[in-house]
Amino acid sequence: MNMPISILTVTGAIYLISFFLHLWAFLNLNERVNQWALLLVRVGFLIHTFYFFSESKTEGLLIPVSTFGQVMAFFSWSLAFVYLVLLTKVQRESFGLILSPILALIVGTAILRYQAGPISLPKPLNPYFILHLVTVFFAYASFTLSFVAAILYLIQHHELKRKRGGTFYQRLPSLEDLEGLIFQPMAWGVFLLFLAIAIGFLWAKSALGTYLLREPKTLFTIAIAVFYLVLVYTYYGAASRGKRLVMLSLIAFIFVFLNFFGTHFSGKGVHYLQVKPTSNDASVSGLRNQP
Amino acid sequence: MLQFLAYGINHKNCPVEIRETLHFRERRLPEAYEWIRREWPSVETLILSTCNRVELYFVLEEGDLSSETIGDFLTAFHGIERSRFECFAYRLEGRAAIEHLFRVASGLDSMVVGENEILGQLREAFQAAQQAGTMDSLLYRWAERALRVGKLIRTKTKINEGATSIPAVAVELAEKIFGRLGGEKVMVLGTGEMSELALQNLREAGAEALYVMSRNEERGRTLAEAFGARWVSLEDWERFLHEIDILIASTSAPHPIIKLDMVKQVMEKKRHRPLFLIDIAVPRNIEADVNSIDDVYLYNIDDLEEVAQANLRSRRKEVRQAETFIEDTVEEFEAWIQQLEAAPTIERLHAHLDDLIAEEMKRWNSLSREEKERLEEFARRLRSKFLHAPLETLKESSRMGMVRRTLEAIHTLFRLKPKSQSERTDEPLDEIRVSDRNPRQ
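These protein sequences, in sequence, are chains S and Z.
When we follow the numbering used here, the leftmost residue of the first sequence carries the number 1166, and every step to the right adds one.
When we follow the numbering used here, the leftmost residue of the second sequence carries the number 763, and every step to the right adds one.
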């Protein structure tokens, strides 16, 4: 097992242990265990960050995304970053309970696909491209957190309808707070996604001489961004609320999911992350030398 | 030797009429303390008197305070025969008494586990005893520790979480829907006692009373005015439904007055902002189907009761964790008492060495001033180095609860002067932990 995989394995294991601790804390209403669980997620994130920087140095890439495993590792890192650094107020046991297994799952996928061979990244890997990658990954991470909040909203909604009190009812935040936690990251995500689209256009025009408007992923991403924008407007602008809006946010996330993973299986277009036959491919070696 | 004592009656086995009679009313409390100061001048005393318990906490440095003596005081003060309450009274000593006060402060001994009120009542009792001058350093420390552990447990566990009364559950549910209440608009249908109580709780939590509907205009207007709301008539109230967030229904109508279609239309107007309906009327005022509408949360009296019971069950789960905090605090408090007991021996050991040094120094009168100073410096250093190990051992054994053996050893080894009553080391360590019958079981 090479070094990056070992580090990721430790990270994934810590996220997984954190999930079990979150679960224990949740079921037993144990605040002390919950604090330990949150601490473990933070430790996992630190190790994950160490992996990120060490890989970045080894690969010679600012963002190490030259294999599908690395893409997944970067996505899970972005997700943990948004959760732990940007959204400190959502670090509640209920969020950790849902998010820690998601993190463990994505890191697990990253480990499994780590040695699948390099993917062909479009060239050139200039700052526009890097910025496009960063914004789009952070946008997806924000949507994932919004999705987690939406799941928690539905659970709390169900609990309130069921009228039995109980652990979920007590542990989960109020519906109003959860709505805030759905739409705040969503608003960031919309902003970041539009930014990513704009930067992507600039990069495509400079690199390929076209805005790639006809590319399915581009169209799909724009549609998703508009869909999310409408949701954000409906919440903040038209002051509409309720379960229906939350359900729509879940549908939006399903599209995000399909957009993110669907591209990998589409088999065509600049966004298709094609796995190259050998790891010593010249173009990738060339990319690695880029600053 | 030090004696910690608790004597009292509580809700667990003592009927309310006895508790009422033994209750120390606020205005008579100074009189009671005055009596205690006069009759038992060397006893530190704290009286904790609430609707669920009447307890007296004592600390005695020497002597004893029998249950009969305390009973006589209660009899004389309240004019109640001792035989009427004696069978319900409990007396706890040493560790059991210390632990009991900690449990009381933590709400573990309360009727509703984890309730917050007792902490405030204990704080008031603490202040009253302080003002009356019946509290010295030992009882002060004991009560202060109790207040501290009570607060700690409420912070570190969830023992006080979850409402357990109907009006409080209504507020809790409203907060689970709307978050922290701040200006949510409330309408009340009917002017029953329970609806008024629920409205009062909601308003205290931050909601805003907007409309009161009552068939009886005078009563409706009175209630509306009391809460800064507006009275609406039986014909008019439906028009305002879309403006409100919380509705409390408690009319005496024989059929539901809020129906499914009506609420559906209201929700469209409200753009699906949540609507919390509290139906505390019997027969019910709101059709049960209304709960099937998204973003509408309908709770009748049984539902509210169910939530209250669930919360109570959750609180009970926290008891074990709370008990570990209490155990730690009792250990810590006992170690402190033991250190306190060791203090005179330490002083005596210091004095003993000082005497030895002074005696030896007399032999060196012929030395020059400079040489004398150097010798004194040498003696000081030797003295502190010599004492270091036994003092550390004493501290350690205080923490381990074995201070008495160490004190005994020090007394024997150094042949210290005879000990006072409060330092007797020939008594077992458990003397301070005597636990009598515990009626809490």
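Virtual Cβ for every residue (Gly too), placed ideally from N, Cα, C.
Because the structure is a prediction, the values reported are computed rather than measured.
Given S:L1373, which residues of its chain have a CB within under 6 Å of its CB, disregarding the five upstream and five downstream residues?
Closer than 6 Å at Cβ, skipping near neighbours: no residue.
Chain Z beta carbons: is any one of them nearer than 7 Å to that of S:E1380?
Not one chain Z Cβ lies under 7 Å of S:E1380.
In chain order, what residues of the region 827 to 847 of chain Z put their CB closer than 7 Å to some CB of chain S?
Cβ contacts with chain S come from no residue of the region 827 to 847 of chain Z.
For S:L1358, which residues from the same chain have a beta carbon less than 6 Å from its beta carbon, with the 5 sequence-adjacent residues on both sides left out?
Excluding the 5 residues flanking it on each side, S:L1358 has same chain C-beta neighbours closer than 6 Å at A1304, A1390, in chain order.
For S:P1456, which of helix, strand or coil comes out of DSSP?
With a pLDDT of 32 at S:P1456, under the threshold of 50, the modelled position of this residue cannot be trusted, and the question is left open.
Within the 7 Å Cβ cut-off, does S:R1336 reach chain Z?
no
Round the Cβ separation of Z:A858 and Z:E817 to the nearest angstrom and send it over; I've been treating them as touching at under 8 Å.
Going by Cβ atoms, the distance from Z:A858 to Z:E817 rounds to 13 Å, so no, they are not a contact pair.
Might you give, ordered along the chain, the residues of its own chain that have their beta carbon closer than 6 Å to the beta carbon of Z:A932, omitting 5 neighbours on each side?
A960, I1040
Look at the Cβ atom of Z:E806, then the Cβ atom of Z:D898, and state whether they are nearer than 7 Å.
Here Z:E806 is near Z:D898, since their CB atoms are less than 7 Å apart.
Considering only the beta carbon of each residue, do Z:R942 and Z:Y973 sit closer than 7 Å?
No, the Cβ-Cβ distance between Z:R942 and Z:Y973 is not below 7 Å.
I need the DSSP call for S:Q1115, collapsed to helix, strand or coil.
Residue 1115 of chain S lies beyond the stretch modelled for chain S, which goes from 1166 to 1456, so this question has no answer here.
I want to see whether chain S comes within less than 7 Å of Z:H1034, judged by CB atoms only; does it?
yes
Pull up the distance between the alpha-carbon of Z:C849 and that of S:L1262, whole angstroms please.
52 Å
Confirm, please, whether the CB-CB distance from S:A1369 to S:L1377 is below 7 Å.
In this structure, S:A1369 lies closer than 7 Å to S:L1377 by Cβ.
Name, in chain order, the residues that DSSP records as bridge partners for Z:Q765.
DSSP, once it has assigned bridges, lists Z:L822 as partnering Z:Q765.
On the CB-based measure, 16 or more other CB atoms within 10 Å of its CB, does S:L1396 come out buried or exposed?
buried
Which residues, in chain order, does the region 1186 to 1202 of chain S contribute to contact with chain Z at a C-beta distance below 9 Å?
N1193, L1194, N1195, E1196, R1197
Using a Cβ cut-off of 8 Å, which residues of the region 902 to 932 of chain Z contact any Cβ in chain S, in chain order?
The residues in question are K918, T919, K920, E923, G924.
If the cut-off is 9 Å on Cβ atoms, which residues from the region 1072 to 1101 of chain Z count as contacting chain S, listed in chain order?
Against chain S - using a Cβ distance shorter than 9 Å - the residues of the region 1072 to 1101 of chain Z are A1072, N1073, R1075, S1076, K1079, E1080, Q1083.
Within the continuous alpha helix (DSSP H) that includes Z:K1031, where are the two ends?
DSSP places Z:K1031 in the uninterrupted alpha helix (DSSP H) bounded by 1022 to 1031.
I'd like to check one pair, Z:I1055 with Z:A1011: are the Cβ atoms closer than 7 Å?
no
What residue range does the alpha helix (DSSP H) around S:K1370 cover?
1340 to 1373
Between which residues of its own chain and S:L1319 is the CB-CB distance below 7 Å, once the five residues before and five after are set aside?
Same-chain partners within the cutoff: V1411.
Determine the DSSP secondary structure at Z:G954, reduced to helix, strand or coil.
coil
Measuring only the C-alpha atoms, how far is S:T1332 from Z:F864?
28 Å
For S:L1337, which residues in the same chain have their Cβ closer than 8 Å to its Cβ, ignoring the five residues on either side in sequence?
S1259, L1317, I1320, Q1321, E1324, L1343
Would you check if the distance between the CB atom of Z:A1097 and the CB atom of Z:S1160 is smaller than 7 Å?
yes
Please compile the residues from chain Z whose C-beta is within a distance smaller than 7 Å of the C-beta of S:G1331.
Using a Cβ-Cβ cut-off of 7 Å, S:G1331 is close to A1072 of chain Z, given in chain order.
With the cut-off set at 7 Å, would you say Z:R815 and Z:N878 are in Cβ contact?
no
With a Cβ-Cβ cutoff of 7 Å, do Z:F1176 and Z:H1114 count as a contact?
yes
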